[in-house]
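Please read the structure below before turning to the comments.
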Amino acid sequence: MFAARKPVGDVLLTLGLLAFVLVITTVAAGQQDAARSLDVLGYGWLVAAALPLLLRRRFPLVVFAASTALTLTYYWSGYPGGPAIVLPAAALFTLTTIRGPMVAGIVGGVLLAALYAAHVAAGFGWLPGAGAAGFVAGVAAVIGIGTAVRNRVDAVTAAREQEAEHQYRLAEQERLRIAREVHDVVAHSLAMINVQAGVAAHVADRRPEQAREALREIKEASAMALADLRATLAVLRSGEHRAPAPSLRQLDELLDHARSAGLTVKVRGRPGELPAPVDAAAYRILQESLTNVVRHATRASEVDIRFGRRDGGLEILVRDDGMGAEPAQSGNGLRGMRERAEALGGRIDAGPVRHGGGFEVRALLPMEERT
1 MFAARKPVGD
11 VLLTLGLLAF
21 VLVITTVAAG
31 QQDAARSLDV
41 LGYGWLVAAA
51 LPLLLRRRFP
61 LVVFAASTAL
71 TLTYYWSGYP
81 GGPAIVLPAA
91 ALFTLTTIRG
101 PMVAGIVGGV
111 LLAALYAAHV
121 AAGFGWLPGA
131 GAAGFVAGVA
141 AVIGIGTAVR
151 NRVDAVTAAR
161 EQEAEHQYRL
171 AEQERLRIAR
181 EVHDVVAHSL
191 AMINVQAGVA
201 AHVADRRPEQ
211 AREALREIKE
221 ASAMALADLR
231 ATLAVLRSGE
241 HRAPAPSLRQ
251 LDELLDHARS
261 AGLTVKVRGR
271 PGELPAPVDA
281 AAYRILQESL
291 TNVVRHATRA
301 SEVDIRFGRR
311 DGGLEILVRD
321 DGMGAEPAQS
331 GNGLRGMRER
341 AEALGGRIDA
351 GPVRHGGGFE
361 VRALLPMEER
371 T
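When the letters of the sequence shown are read in order and numbered with the numbering used here, they come out as residues 1 to 371.
Here it is, written out as structure tokens:
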């Protein structure tokens, strides 16, 4: 829309300047008895000096040269003097804003010097010192104003670009956050549902009561997953709603899910009071670690969870007793845990247990919120 307005603005500016020049020059002609009568040729000359301004944005240098030449030759023609000098001044202003003050100064200075020399060579004589100084000062003033406007436009454009880049980064961070939340919720819940479905299928005929218990666990896990997904996806529907942040206050519920999958869970230490970002990250890291045990650990029956404080941060250790653990693969789960830790200035170490066949995840999350 803004770009579409520029041609209209150029037309209005050209017509406005032309009307101003014609009216003032006509009035001034009545007070200049020695001047040549302002006839059709004189008016046409002024119109010709103004018309190039219609193309001042596309061809700023050519427009400046044409407007300056036509204006100065008009003054030399003997027609009444007037404010026609505003026409090349407008062209010089545009040349400065588009090409910069250095180009405008050099080109303008060379062109004006050449025209001034032609003025002298034609026998019109030298301009008085005050007149020449005023002429140079006027050119310098136009270039100065054009430079100030150019710098202002550049500053506004840079600020808008920075704001757009900032908004893009915020949107990208929010997108990644939502992707991590959806992955964590779906992966954890589906892992538990998969285990319980396997249990139900295995004991359905021989131990129907245990099968019913497994189905109840499936129902509970799926209901929780749906609730978490609705809360998370609400962020996409309205910027005024944010998914409730998970918290280690839900630790018992998380551990119950792991136990329902047949794991024995031992917890040592307590996380204590945590800043909200650390609390949410710790919960999701622990959730993903337990999910990985259920999904990937071979013959794991026990998980050891430890909370502690080290180097001013919260340390979380999750270790299982599975068999033949392999080095960590950079999947979505591990990558999500690392992103959460790194966003807080922390780190994640994951890999097989040195002495034993299990796998462990060790997270260190700084307690101070990053600004």
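Here a beta-carbon is modelled for each residue, glycine too, at the ideal position from N, C-alpha and C.
Alpha-carbon spacing of residue 371 relative to residue 248, whole angstroms | The count along the sequence shown starts at 1 and reaches residue 371 at position 371. The count along the sequence shown starts at 1 and reaches residue 248 at position 248. A caution first: residue 371 carries a pLDDT of 45, below 50, which makes its placement in the model too unreliable to give a value.
DSSP on residue 206, reduced to helix/strand/coil?
-> To locate residue 206, count along the sequence shown from 1; it is residue 206. Correct three-state label for residue 206: coil.
Straight-line gap, residue 295 to residue 193 (C-alpha atoms, nearest Å) = For the purposes of this step, residue 295 is taken as the residue at position 295 of the sequence shown. For the purposes of this step, residue 193 is taken as the residue at position 193 of the sequence shown. If you take the alpha carbons of residue 295 and residue 193, they lie about 11 Å apart.
Per the contact definition of three or more C-beta pairs closer than 8 Å, is the segment 291-307 in contact with the segment 263-272?
-> yes
Please classify residue 323: is it buried, with 16 or more other beta-carbons within 10 angstroms of its beta-carbon, or exposed?
-> Counting from 1 along the sequence shown, the entry for residue 323 is found at position 323. So residue 323 counts as exposed.
Are there three or more Cβ pairs, one per stretch, closer than 8 Å when the segment 159-171 is compared with the segment 91-111?
-> no
What is the DSSP secondary structure of residue 240, counted as helix, strand or coil?
-> Here residue 240 corresponds to residue number 240 of the sequence shown, with the count starting at 1. Confidence at residue 240 is low in this model, with a pLDDT of 48, below 50, so its placement is unreliable and the value that follows should be read with caution. The answer is coil: DSSP assigns residue 240 none of H, G, I, E or B.
Do you know offhand how far residue 151's Cα is from residue 327's?
-> Taking the sequence shown and counting its residues from 1, the one referred to as residue 151 is at position 151. Taking the sequence shown and counting its residues from 1, the one referred to as residue 327 is at position 327. Roughly 56 Å between the two C-alpha positions.
From 84, 90, 145, pick the residue whose C-alpha is nearest to that of residue 101; which is it?
-> Position 101 of the sequence shown, counted from the first residue, corresponds to residue 101. Among 84, 90, 145, the Cα nearest to that of residue 101 is on 145.
Contacting residues, own chain, Cβ-Cβ under 6 Å from residue 98 (five flanking each side not counted) = As a first step, residue 98 is located in the sequence shown; it is residue number 98 there, counting from the start. Taken in chain order, the residues that qualify are 60.
List the whole-angstrom C-beta distance separating residue 350 from residue 320, where the pair is believed to meet the contact cut-off of C-beta under 8 Å.
-> For the purposes of this step, residue 350 is taken as residue 350 along the sequence shown, with counting starting at 1. For the purposes of this step, residue 320 is taken as residue 320 along the sequence shown, with counting starting at 1. Going by Cβ atoms, the distance from residue 350 to residue 320 rounds to 12 Å, so no, they are not a contact pair.
Where residue 366 sits in the DSSP three-state scheme = Here residue 366 refers to the residue found at position 366 of the sequence shown. If DSSP states are grouped into helix, strand and coil, residue 366 belongs with the strands.
Residue 266 - partner residues in DSSP beta bridges | Within the sequence shown, the letter at position 266 stands for residue 266. Bridge partners of residue 266: 304.
Start-to-end residues for the alpha helix (DSSP H) that takes in residue 60 = What you label residue 60 is simply residue 60 of the sequence shown in a count that begins at 1. 60-76 is the extent of the alpha helix (DSSP H) around residue 60.
Where residue 3 sits in the DSSP three-state scheme = Here residue 3 refers to the residue found at position 3 of the sequence shown. Since pLDDT at residue 3 reaches only 41, below the 50 mark, its modelled position is unreliable, and the value read off the structure follows with that caveat. Of the three classes helix, strand and coil, the one that applies to residue 3 here is helix, per DSSP.
What number of angstroms, rounded off, separates the C-alpha of residue 252 from the C-alpha of residue 170?
-> What you label residue 252 is simply residue 252 of the sequence shown in a count that begins at 1. What you label residue 170 is simply residue 170 of the sequence shown in a count that begins at 1. The straight-line gap from Cα to Cα measures roughly 33 Å.
In angstroms with no decimal places, state the Cα-to-Cα distance between residue 317 and residue 157.
-> As a first step, residue 317 must be located in the sequence shown, where it is residue number 317. As a first step, residue 157 must be located in the sequence shown, where it is residue number 157. About 49 Å.
Do you know how far the Cα of residue 57 is from the Cα of residue 38?
-> Here residue 38 refers to the residue found at position 38 when the sequence shown is read from its first residue. Here residue 57 refers to the residue found at position 57 when the sequence shown is read from its first residue. Roughly 31 Å separates the two Cα atoms.
Taking residue 366 and residue 312 to be in contact with their CB atoms under 8 Å, please state how far apart those CB atoms are, rounded to whole angstroms.
-> Here residue 366 corresponds to residue number 366 of the sequence shown, with the count starting at 1. Here residue 312 corresponds to residue number 312 of the sequence shown, with the count starting at 1. The pair is a contact, with the Cβ atoms about 7 Å apart (cut-off 8 Å).
In the DSSP assignment, find the alpha helix (DSSP H) that holds residue 92 and state where it starts and stops.
-> The residue given as residue 92 occupies position 92 in the sequence shown. Segment 86-99, the alpha helix (DSSP H) holding residue 92.
In terms of alpha-carbon separation, which member of 41, 68, 262 lies closest to residue 198?
-> Stepping through the sequence shown from its first residue, residue 198 is reached at position 198. For residue 198, the nearest C-alpha among the options comes from 262.
Mapping DSSP to helix, strand and coil, what is residue 273?
-> One-based indexing of the sequence shown puts residue 273 at position 273. The answer is coil: DSSP assigns residue 273 none of H, G, I, E or B.
Given that a residue counts as buried once 16 or more other Cβ atoms are within 10 Å of its Cβ, and exposed if not, what is residue 34?
-> As a working mapping, residue 34 is identified with position 34 in the sequence shown. Residue 34 should be labelled exposed.
Straight-line CA distance for residue 153 to residue 15?
-> Numbered from 1 along the sequence shown, position 153 holds the residue referred to as residue 153. Numbered from 1 along the sequence shown, position 15 holds the residue referred to as residue 15. In a straight line, the C-alpha of residue 153 is about 25 Å away from that of residue 15.
Please report how far the alpha carbon of residue 341 lies from the alpha carbon of residue 246, in whole angstroms.
-> Along the sequence shown, read from residue 1 onward, the residue named residue 341 stands at position 341. Along the sequence shown, read from residue 1 onward, the residue named residue 246 stands at position 246. Spanning the two alpha carbons is a distance of roughly 15 Å.
Does DSSP put residue 297 in a helix, in a strand, or in coil?
-> On the sequence shown, position 297 is the one that residue 297 refers to. Residue 297 falls in the coil class under three-state DSSP.
Close-in-space but distant-in-sequence residues of the same chain around residue 65 (CB under 7 Å, 5 per side omitted) = As a position in the sequence shown, residue 65 is number 65, starting the count at 1. For residue 65, where only same-chain residues beyond five positions count, the Cβ hits under 7 Å are 111.
Where do the N-terminal and C-terminal ends of the beta strand (DSSP E) with residue 318 fall, by residue?
-> The residue given as residue 318 occupies position 318 in the sequence shown. Its beta strand (DSSP E) spans residues 313-320.
C-beta contact flag for residue 68 and residue 46 at 9 Å | Here residue 68 refers to the residue found at position 68 of the sequence shown. Here residue 46 refers to the residue found at position 46 of the sequence shown. No, they are not a contact pair.
Contact check, residue 278 vs residue 226, beta carbons under 9 Å | Counted from its first residue, the sequence shown places residue 278 at position 278. Counted from its first residue, the sequence shown places residue 226 at position 226. No; because the gap between Cβ atoms is not below 9 Å, this pair is not in contact.
Bridge partners of residue 134, per DSSP?
-> On the sequence shown, residue 134 is found 134 positions in, with the first residue counted as 1. DSSP, once it has assigned bridges, lists no residue as partnering residue 134.
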